[in-house]
Amino acid sequence: MTTAQTQELDVQPTPLALLLLGREADPRSERGVECPGDLPSASDPDLVARARAAKEKLGDKVFVLGHHYQRDEVIQFADVTGDSFKLARDAAARPEAEYIVFCGVHFMAESADILTSDDQKVVLPDLAAGCSMADMATAEQVAECWDVLTEAGIAEQVVPVSYMNSSADIKAFTGKHGGTICTSSNAERALNWAFEQGEKVLFLPDQHLGRNTAVRDLGMSLEDCVVYNPHRPNGGLTADELRGAKMILWRGHCSVHGRFSLDSVNDVRERIPGVNVLVHPECKHEVVAAADHVGSTEYIIKALEAAPAGSKWAIGTELNLVRRLANRFAPEGKEIVFLDKTVCFCSTMNRIDLPHLVWALESLAEGTLVNRIEVDKETEAFAKLALERMLALP
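Under numbering that gives the first Met the number 0, the letters of the sequence shown match residues 0 to 393, in that order.
Structural data, given as structure tokens:
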């Protein structure tokens, strides 16, 4: 595809650092790429036994965190499971654990490093386990956006609110500029707080969670929201458009939740009469508007736990979790299906597989620290400030 074609389609060339899986890590990108050492073969029949043996050898020195979207082969070794923020807090609550092995993605491991003590070491089994959404907002792009807001004369009115699914650099920017972090569970509270501090919100990096929360929960209109595109001059917006907006949404999205469409909802209702459609708020606004229930990963799990036997559910979130819930509740007669016909795992989350976990655990058991995620002190200080503001939300 030529440059002219990409401009015509509003598609930007992928940064080289995110395109090539070379060695070493690019500090300006969301994820590193180096993974030294020889991984066990994925076909090794002893992988489960090897992981169990290494974990037992490490004992209380290791604490394994498993995100809900992880593969079953990995999640079986997690000491706790949950969403990204719950897991980071769980890690901080285990100060006796020298090693925190985070089976998730890069920004989650960064958050765990920010919230744990200096004596604890956070390990990500595969450094290439990044997050496409978090990658959509770099520190340089956000700094440029702030310059645009300043030139429009509104920066002093704007409070940044960043989704947990963002890099440590973005969290630090948020803390430095008086903002807070949010999760999909407390986004409404975070926005209410932000509008008490200022007149406008810059919501990073997921436009859908920001829009859905503003319109669905706070009663704003779609016209109150504008989308800032970091690949266009001035974000593709005029100064008047910025001045007239209440919500300035970053042009980012989740590659998994962004797949679900209104057609997906209509199709599943035709195929399964009486089905309840339950989706994550990272889905597009038209999908959320057409759903019966909307909520975070933890909300989805609790809703299915409370659902009556014989009920039917179509779930719009990552496939590993949907499949695990379908198997868990099948004995209770609950029918649970994936909202979209097309199978869709989170590809970067799935980079954490059993060979990588075995390699990380065995390396630690042998006294070799691998794939440590460490946030620099200045970034950590401002990012922690933003996280603490979230913890203090009413």
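Positions of the beta carbon are idealized from the N, C-alpha and C atoms, including for glycine.
#1: Using the rule of at least 16 other Cβ atoms within 10 Å of the residue's Cβ for burial, across every protein chain shown, is Ala359 buried or exposed?
#2: Among the residues of its own chain, which have a CB less than 6 Å from the CB of Leu384, if the five just before and after it don't count?
#3: Taking 8 Å as the cut-off, is the beta-carbon of Arg270 closer than that to any non-hydrogen atom of the ligand FMN?
#4: Would you grab the beta carbon distance between Ile180 and Met389 for me? Rounded to a whole angstrom, and I think it's under 8 Å.
#5: Assign Asn265 to buried or exposed, taking buried as 16 or more other Cβ atoms, counted over all protein chains shown, within 10 Å of its Cβ.
#6: Ordered along the chain, which non-local residues of its own chain (more than five positions away) have a Cβ less than 6 Å from that of Arg27?
#7: In its own chain, which residues sit with a C-beta less than 7 Å from the C-beta of Asp291, not counting the 5 before and 5 after it?
#8: Determine the DSSP secondary structure at Ala313, reduced to helix, strand or coil.
#9: At the level of alpha carbons, what is the spacing between Glu365 and Leu46?
#10: Do Ser110 and Ala87 have their C-beta atoms closer together than 9 Å?
#11: Taking Cys224 as part of the alpha helix (DSSP H), name the residues at either end of that continuous run.
#12: Please name the residue or residues paired with Met246 in a DSSP beta bridge.
#13: What ranges does the beta strand (DSSP E) occupy inside the segment 269 to 334, keeping only unbroken runs of at least 3 residues that lie completely in it?
#14: What residues match up with Phe62 in a beta bridge as DSSP calls it?
#15: If you check the beta carbons only, do Gly209 and Met246 fall under 9 Å apart?
#16: So if DSSP puts Arg188 in a beta bridge, which residue, or which two residues, is it bridged to?
#17: Under the three-state reduction of DSSP, which class applies to Glu29: helix, strand or coil?
#18: Tell me the DSSP bridge mates of Thr179?
#19: Between the segment 311 to 326 and the segment 334 to 350, do three or more beta carbon pairs fall short of 8 Å?
#20: Between the alpha carbons of His105 and Thr341, how many angstroms are there, rounded?
#21: Tell me the DSSP secondary structure of Thr137 in three-state form.
#22: Using DSSP's beta-bridge definition, name the partner residues of Lys337.
#23: Which residues mark the beginning and the end of the alpha helix (DSSP H) in which Val79 is found?
#24: Starting from the Cα of Leu57, find the closest Cα among His67, Glu97, Pro204 and give me that residue.
#25: Within 10 Å of its beta-carbon, does Leu386 have 16 or more other beta-carbons around it, so buried, or fewer, so exposed?
#26: On the DSSP bridge assignment, give the partners of Lys120 in chain order.
#27: From the DSSP output, read off the bridge partner residues of Ile372.
#28: Skipping 5 residues on each side, what residues in its chain have a beta carbon closer than 7 Å to that of Asp223?
#29: Would you mind working out which of Thr182, Val158, Met132 sits nearest Glu195, comparing C-alpha positions?
#30: Can you tell me whether DSSP reads Arg22 as helix, strand or coil?
#31: Hey, would you say Asp89 sits closer than 9 Å to Leu64, going by beta carbons?
#32: Leaving out five residues on either side along the sequence, give the residues of the same chain with a beta carbon under 8 Å from the beta carbon of Ala50.
#33: Skipping 5 residues on each side, what residues in its chain have a beta carbon closer than 6 Å to that of Met135?
#34: With Ala151 and Arg242 assumed to form a contact (beta carbons below 8 Å), what rounded beta-carbon distance in angstroms separates them?
#35: Can you give the Cα-Cα distance for Ala154 and Asp78, rounded to whole angstroms?
Looking at the coordinates:
#1: buried
#2: Gly174
#3: This structure simply doesn't include the ligand FMN, nor any ligand for that matter.
#4: 4 Å
#5: exposed
#6: Confidence at Arg27 is low in this model, with a pLDDT of 45, below 50, so the placement of that residue should be treated as unreliable; the coordinate-derived value is given next. Same-chain partners within the cutoff: there are none.
#7: Asn275, Val276, Leu277
#8: strand
#9: 17 Å
#10: yes
#11: Run containing Cys224: none in the alpha helix (DSSP H); it sits in the beta strand (DSSP E), 224 to 227.
#12: Val200, Cys224
#13: 275 to 278, 311 to 315
#14: Ile99
#15: yes
#16: Bridge partners of Arg188: none, in fact.
#17: A caution first: Glu29 carries a pLDDT of 44, below 50, which makes its placement in the model unreliable, though a value can still be read off. In the structure shown, Glu29 sits in coil (DSSP, three-state: anything other than H, G, I, E or B).
#18: Val160
#19: yes
#20: 26 Å
#21: coil
#22: A small correction: the amino acid at residue 337 is Phe; Lys does not occupy that position in the sequence shown. Paired residues: Ile314.
#23: Not the alpha helix (DSSP H): Val79 falls in the beta strand (DSSP E), residues 79 to 81.
#24: Glu97
#25: buried
#26: Tyr98
#27: Val121
#28: Ala213, Ala244, Lys245, Met246
#29: Val158
#30: Interpretation of Arg22 is limited by its pLDDT of 38, a score under 50 that renders its predicted location unreliable; the figure taken from the coordinates is listed afterwards. In this structure, Arg22 counts as coil in the three-state DSSP scheme.
#31: yes
#32: Phe76, Leu353, Leu356, Val357, Leu360
#33: Pro204, Gly251
#34: 6 Å
#35: 44 Å
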